[in-house]
Every structure is written in C-alpha cells, then in structure tokens.
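Residue numbers (this note's numbering): 45 to 882. Beta carbons: idealized from backbone N, C-alpha and C, even for Gly. Nothing here was measured: the structure is a model prediction, and the numbers come from that model.
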C-alpha cells in the first residue's frame with residue numbers, strides 16, 4: 045500500500061487515503077532543542093537533565109540514564125550494528141512514546157508498606173470463582189488465577205457441603221451455579237498467589253459448613269498452603285500486621301465458629317426452657333398435656349429458627365434465594381449441627397423409645413407398630429412423622445416429643461379406637477366406661493407391639509427419676525417384672541425377627557409385664573375407687589412427667605456440653621487459622637461503627653448499607669476504618685456480575701471494595717486503574733486525609749473543600765491502532781475518525797468531563813489540545829481516558845480506555861497505554877500526553 049490506505053467501494057471502486065506522518069509534536073521538538081542546545085544529538089548528560097528538570101524524575105542517576113539510552117538505541121536500531129551513544133530527535137521521540145520506558149505512573153512499589161493493613165486500599169474480588177453471571181455460570185479456579193495474575197489480593201470463596209456432606213464445594217449458594225472443589229481452588233491460589241505481587245493474599249471464606257467439614261477445611265489449608273499459610277498469634281490483637289510483615293503469606297478471613305456455637309446454644313436453651321414452662325403451667329392449671337397448642341411457643345420457636353438461620357451466612361453476600369438442587373439450606377445446616385443429640389439419643393435408647401415412654405406415662409398417642417421401623421431413619425424423617433417442623437431443630441428427642449404432644453392435639457382432636465385420649469373420653473362418656481375403654485385400648489396396642497422386635501431393648505428406667513421408682517405403681521417397673529408373659533407373647537419373642545434383632549429382650553418383658561399387671565389391676569378396681577381417683581390421676585402423671593423431663597434434661601445437658609466440647613475441639617484448629625475475624629452489622633449501623641480499643645475486626649457491608657451509612661455516619665465510618673477493615677460487596681440483584689461505583693467505598697476509607705472481576709464496565713475500569721498505582725502490588729496507601737484522628741480533622745465525605753491544585757492535561761496524539769486492528773475494523777470505507785474523552789472521578793465536587801475534537805480519516809490522530817481540571821480532593825481523584833471512533837449513523841466505536849490515579853501521575857510528557865473493555869492491555873495502542881500540576 046506504500047504511504048496510502050485503500051478501501052473498496054461497492055466491490056469495484058478503490059478509495060485512496062494518504063497515511064499522514066505528522067512527526068514529533070512541537071513540544072517534543074522544542075524540548076529536544078532546549079536540552080541539546082540546538083544540536084542534532086542528545087548525550088547521556090543532557091538526557092539526565094531533561095529527565096530531572098522537565099520530567100521531574102529526580103531518582104535518575106547518570107549510570108541509570110546511560111542504561112536507558114542504550115535500551116532506546118537497541119530497540120530503535122536492532123537490525124543494524126549501532127555504535128553511537130547519542131540520541132537523535134527521532135530516537136528521543138521514540139523513547140517518549142514507549143510506555144514501559146516512559147510510563148505515566150511509577151511502575152515500582154514506592155509506598156510505605158510497614159503500616160497496619162487497615163491503612164491500605166486492597167485490591168479485592170467478589171465471588172472470585174464465578175466465570176460469568178451470579179445465577180447459572182460455572183464455578184472454576186480459572187477466574188481465581190486470572191485475578192491473582194492481575195494483582196488482586198483479596199479472593200472470596202463460598203464454602204458449601206456437597207450433597208453427601210462429606211466434601212467441601214465452592215459455589216454461589218441457592219443458585220444454579222456448578223460447583224468446583226475447594227482443594228482445586230486452594231492449589232490454584234498457592235501456585236499463582238505471588239506471580240504479580242509478593243504482598244499477602246487475603247482469602248475470605250464465606251462459611252456454610254458443619255463442624256466436621258470445617259475441620260476438613262483446616263486440614264486442607266495446612267496441607268496445601270504449607271509454609272505460605274499465615275498463623276496468627278493466639279488471642280485477640282489490637283492491630284493488624286503490615287503488608288511487608290505478611291509478604292508471601294496467605295491470610296484467612298472469616299467469621300469465627302465460636303460465635304455460631306454460642307448463638308445456637310443460647311437458642312437451644314431457650315427452647316428447652318419453653319418446654320419446661322409449658323409443663324409447669326399445665327401442672328398448675330390442671331389442664332391436660334394434650335390440650336390447646338400454645339401459640340406463643342410456636343411463634344417464639346419460629347423466631348428462634350430465624351435466628352439460627354442467620355448464623356450460617358458469614359458475609360451476607362445477598363445470595364439469591366433460588367433453591368439449588370442438591371444444596372443444603374441454612375436451616376438444614378443448623379438441623380444437622382444441633383440435632384446430633386436427638387439422633388444420638390435415638391440410637392442409644394433404641395428406635396421407638398418415644399412410644400414406649402408414651403405408654404408408660406399414658407399421655408401420648410400410640411401408633412401402629414409398622415411405623416416403628418421408620419423411627420430408625422434420619423432426624424428429618426422422624427420429625428416429619430411427628431408433625432414437627434424446623435422450629436424444633438436442635439432439641440433432643442424427648443424435647444421434640446413433648447412439643448409434638450401439644451401441637452398434635454388440635455390436629456387429631458377426633459377420637460379413634462386406638463389413640464383417643466383419656467380426657468376426651470371423660471368429656472363424652474361416663475368416667476367408668478372411659479377407664480375400661482382405655483385399658484382395653486392399651487391391651488390391644490400392647491398385643492400389636494409385642495410382635496415388634498425393635499422395641500425389646502428400650503429401658504424405661506432411663507426415663508424415670510431414680511427417686512420415683514417404687515413410689516407410684518405406675519412407675520415401678522422393677523416390681524412388675526415378676527408378672528409372667530403369656531404363651532403367645534413368648535412365642536413372638538422367640539420369632540425369627542426377635543432372634544435377628546440386635547436388641548435384647550429383658551426390658552421389653554418388664555414392659556409387657558407392667559402393662560399386663562396394670563390392666564388386671566384396673567379391671568379389679570371398685571367403681572367408686574376409680575371415681576375417687578380420676579381427679580388426681582392426670583395431675584399425678586403430669587407431675588411425674590415434669591420430674592422425668594427435668595431429670596432427663598440434666599442428663600442431656602451433660603451430653604450436650606460434651607458434644608459442644610467435641611465440636612469446639614474440632615474447630616479449634618480451624619479457628620486458630622483465622623487471622624482476620626469477620627462480622628456483620630448488628631444493633632444498628634451507628635453502634636456498629638463504634639471503635640473498640642482492645643481488638644480489630646473486619647466488617648462486611650452491602651453497597652446499599654454503605655450508601656445509607658455514608659449519608660448519615662460518614663465521619664464515623666472514616667474513624668472506624670482507621671483501626672478496622674471494611675469490606676463492601678455488590679448488592680444481590682446484580683445477577684449479571686455488574687459492579688457499583690468504587691469511590692463510594694474509598695471516600696469513607698473502606699479498604700476492601702469487592703468487585704466482580706469476571707465482567708467489564710466503567711466501574712471495573714476505575715478499579716483496575718486505581719490499583720495500577722504503587723507498582724500494581726495490590727495495596728495502595730490510604731491518603732493522609734483519611735487517617736486524621738483529631739475530633740475536628742476527621743474527613744467528612746459530604747463536605748465541600750477548597751481547591752488544592754489544578755491538573756493540566758495536554759493530549760498530543762495517538763498511535764498503534766493500525767497494528768492492533770484490521771483496516772476495516774472501525775469503518776468499512778475509510779480510516780477511523782478518532783476523538784478522546786476525559787473524566788475526573790472522585791469527590792462529587794471534583795467530577796468533570798471533556799473531549800477533544802474529531803480527527804477524520806487518520807490512523808495516527810494528532811489533537812494537540814490542553815485541558816484544566818481543578819481538584820479539591822486530588823488524593824482520591826482518578827483520571828479516566830477513553831478513545832472513541834466517531835460514526836455519524838451508528839453508535840461510536842470503542843477505541844481503548846485507561847484510568848490513572850491522579851496522585852500517582854508523573855509530570856512531563858508521557859506515553860499512556862490503552863486497554864480493551866475487559867481491561868487487557870493493547871500491544872501497540874497508546875497516547876502521548878503531558879501532565880502538569882499547578
């Protein structure tokens with residue numbers, strides 16, 4: 045093509061456009077002449093003076109300048125043997141247009157890295173394992189690798205048990221996202237953590253696991269990370285370590301499990317106390333146990349269920365409430381963790397012990413024996429049989445059964461031949477007939493239960509307080525053991541099922557004897573005696589039931605304490621690895637931001653919570669972040685993995701503004717641009733304005749401050765598009781028509797935007813325009829640059845973008861590289877610009 049570009053028109057005509065070679069801008073030519081004293085060559089000494097005086101690069105020495113000069117000559121004349129040690133004008137211009145030799149910001153780590161972690165903005169990701177949207181995309185370790193190699197220092201992993209509850213998966217809970225194994229993510233983090241930066245990687249764990257799986261996570265982290273894993277000092281500390289102290293370390297952050305255990309235990313004790321109160325109330329009032337259901341109990345139990353659910357969400361990332369197949373909800377997690385006592389008790393006392401206890405107390409309904417085998421299933425199945433809901437999660441079997449008595453009374457109020465209650469019969473028939481009917485029903489039920497071998501080993505003595513044995517004939521099991529068993533019952537006990545049963549028979553024989561003896565005694569009673577005792581029977585049994593419950597409760601509490609100790613022992617290793625303790629807002633946002641002198645922590649807020657808090661308590665948040673970490677995450681409705689304005693968090697000192705790194709957009713461009721500062725290490729020292737602690741000096745993000753300085757930006761030209769794009773990419777029939785837009789993003793008072801003129805039909809546009817930006821908070825301002833190709837009939841085409849921290853800008857003439865929409869750097873596209881502060 046020579047020095048022309050050719051474009052076909054209608055497939056048969058050619059349009060010819062001359063390629064302009066504008067040469068160096070006027071400012072470049074004048075600077076070269078000024079420092080060479082109008083000579084044609086620039087020596088190393090002259091180049092050094094230019095770098096120090098004109099460019100403001102005071103760190104250069106003569107030796108460094110000579111090395112730089114040799115690099116320029118080798119790149120410029122790499123095909124020929126070049127022995128000259130001076131720069132010509134074209135060489136000088138070539139040097140100024142190299143973004144790695146003459147970058148707009150410092151490419152080295154130059155901030156003080158010895159301050160505590162809360163003194164830095166940290167490059168943080170949100171749901172780092174997702175490849176796409178928040179609802180149905182795949183979970184993978186690839187996005188984690190990409191983020192780490194970009195320089196991200198905060199990785200988030202949502203931990204959930206698999207369907208078998210024996211492995212840990214990483215996925216977005218309650219969605220259709222496909223999981224990835226945790227060990228795979230850990231291995232990728234280890235391999236790529238320090239490729240881009242040597243400063244610490246903070247792994248945020250959103251924990252939805254059981255204690256046994258937490259122990260597995262701890263073992264996995266220790267085994268995979270090895271020496272890279274940071275082990276915090278035991279106890280609570282009042283200051284975070286510095287990034288320098290944590291170099292080449294992987295730091296874990298999550299909510300400590302102790303808070304979860306304590307909250308769950310308090311809720312469990314509350315439920316138990318309600319059961320006892322119900323029993324005591326009915327004992328005093330003389331009402332039957334199967335009377336009306338207590339509405340207050342049900343309502344408060346449902347409240348407890350909600351409280352338990354809140355404990356499983358560590359960071360509250362607004363997980364969308366779409367149920368995912370094969371995943372366990374928060375309530376199910378609580379049931380599994382706190383229902384162990386119930387399951388253990390069921391195994392220890394034998395299946396069906398609830399019904400045996402019901403027969404002894406004569407207050408519980410009896411079910412057919414073919415249902416007994418189902419009691420050997422999981423706690424969830426058992427609860428469903430008794431009409432229970434998740435509001436009883438965590439109660440022992442005895443507690444749950446007592447609650448079910450109260451609840452089922454309204455649902456099964458109609459009498460039947462098998463499970464009609466004594467109090468109901470007394471309201472409908474003569475008292476004498478009701479007693480006879482009851483004993484007949486008990487005998488009929490006993491005959492059916494005698495054929496069930498699964499009940500043989502259930503020891504009723506364990507449900508009766510020792511001091512009650514022998515006081516009441518209805519409770520004296522030992523005195524009833526001498527009654528003989530019928531031949532038919534003996535035959536049933538010797539059946540094949542009984543032989544195959546692992547349970548023994550002595551307790552079952554005593555139960556059978558007890559019931560037979562009770563029936564005979566009841567038949568021999570005088571009618572007048574029965575009538576005189578009717579009024580006290582229920583009260584007596586109710587009192588015995590309460591004593592039995594309290595005695596059994598003490599025994600269960602000991603078992604619960606033992607189980608809690610075992611859980612705490614398992615989780616002690618897991619907890620010891622948590623270096624940054626996390627929590628969510630509680631007791632109102634205002635109280636949340638109170639600074640505690642004796643400890644530090646990480647607080648998680650959604651973007652809406654931050655916005656509301658910043659409007660009312662801006663200075664409180666700034667003061668809080670001077671000692672603690674604040675993590676801000678996108679709201680749950682951003683299902684397309686979009687992001688919010690990061691300046692919302694940075695303006696109040698929030699260190700960990702968590703972004704979806706797998707997408708793209710203007711907000712993400714700002715995030716990438718901010719962390720290009722300080723050598724791209726992922727840690728940016730917070731400006732002094734956010735660290736002032738005096739009462740009247742704390743930064744107020746709502747205040748309008750006076751102008752501090754003015755940024756002067758001059759856009760000379762652009763180049764490189766013809767190397768990175770096809771010649772018809774922007775326009776089918778002509779070269780592109782480029783223009784440049786510039787924005788200042790930061791404090792609301794600093795916001796500004798402007799644009800250059802359009803240069804038509806030119807691959808190397810030369811604008812040579814200057815703009816002024818007055819700044820009130822330059823420490824938090826960002827310069828966003830975007831190049832567009834003008835199109836008269838359609839939307840303007842994208843030609844590249846970049847974002848630069850104003851506080852990091854190097855004065856002088858600089859080469860500014862451009863990036864694509866996803867933040868990937870173009871190989872050749874760049875702008876030549878000049879920055880000045882006045």
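Across the set 793, 836 and 727, the C-alpha of 727 shows the shortest separation from the C-alpha of residue 243. Taking the CA atoms as reference points, residue 769 sits about 25 Å from residue 134.
With respect to the C-alpha of residue 56, the residue from 816, 861 and 777 having the closest C-alpha is 777. Only residues of its own chain outside the window of five on either side were considered, and among them 145 have a CB closer than 7 Å to the CB of residue 112, listed in chain order. Cβ atoms of residue 857 and residue 875 stay farther apart than 8 Å, at about 11 Å.
Below 8 Å, enough C-beta pairs join the region 849-866 and the region 821-828 to call them touching: three or more. Note that the C-beta distance between residue 649 and residue 697 is not below 8 Å.
In the three-state scheme derived from DSSP, where H, G and I count as helix and E and B as strand, residue 686 is classed as coil. In the DSSP assignment, residue 841 is bridged to 833. Distance from the Cα of residue 677 is smallest, within the candidate group 669, 660, 655 and 670, for 655. Apart from sequence neighbours up to five positions away, the residues of its chain that approach residue 679 with a beta-carbon distance below 7 Å are 362, 650, 651 and 652, ordered along the chain. Here the region 688-695 makes no contact with the region 810-820; the two share fewer than three CB pairs at distances below 8 Å. At a Cβ-Cβ threshold of 8 Å, residue 658 and residue 745 count as neighbours. For residue 236, the closest C-alpha among the options 263, 294 and 97 is that of 294.
In this structure, residue 845 and residue 827 do not form a Cβ contact; the two beta carbons are roughly 11 Å apart against a cut-off of 8 Å. Separation of residue 800 and residue 84 (C-alpha to C-alpha, rounded to the nearest whole angstrom) is 33 Å. As computed with DSSP, residue 785 is found in a beta bridge with 799 and 830. Sequence-distant Cβ neighbours of residue 782 in its own chain, meaning closer than 8 Å and more than five residues away, are 762, 765, 802, 803, 806, 809, 831, 832, 833, 834 and 843. DSSP lists 222 as the beta-bridge partner residues of residue 182. Assignment of beta-bridge partners to residue 869 by DSSP yields 863. With a cut-off of 8 Å on Cβ pairs, the region 197-210 is in contact with the region 154-172, counting three or more such pairs. The DSSP-derived three-state label of residue 237 is coil. For the pair residue 724 and residue 154, the CB atoms are not nearer than the 8 Å cut-off. For residue 166, the uninterrupted beta strand (DSSP E) segment begins and ends at 164-166. Within the model, the alpha-carbon separation for residue 740 versus residue 732 is close to 15 Å. Take the alpha-carbon of residue 69 and the one of residue 196: they are about 37 Å apart. Here residue 248 carries a strand assignment [DSSP, helix/strand/coil]. The three-state reading of DSSP puts residue 267 in helix, counting H, G and I together.
Within the model, the alpha-carbon separation for residue 711 versus residue 785 is close to 16 Å. Of the residues 870, 255 and 855, the one whose Cα lies closest to the Cα of residue 147 is 855. Nearest neighbour of residue 160 by Cα position, chosen from 704, 300, 296 and 282, turns out to be 282. Of the residues assessed, residue 246 falls on the buried side of the cut-off, its CB having 16 or more other CB atoms within 10 angstroms. Straight-line measurement puts the Cα of residue 238 at about 8 Å from the Cα of residue 193. The alpha helix (DSSP H) runs lying completely inside the region 650-705 and spanning 4 residues or more are 651-669 and 691-694, given in chain order.
A straight-line Cα-Cα distance of about 11 Å links residue 87 and residue 106. Sorting 621, 682 and 812 by C-alpha distance to the C-alpha of residue 272 places 621 at the top.
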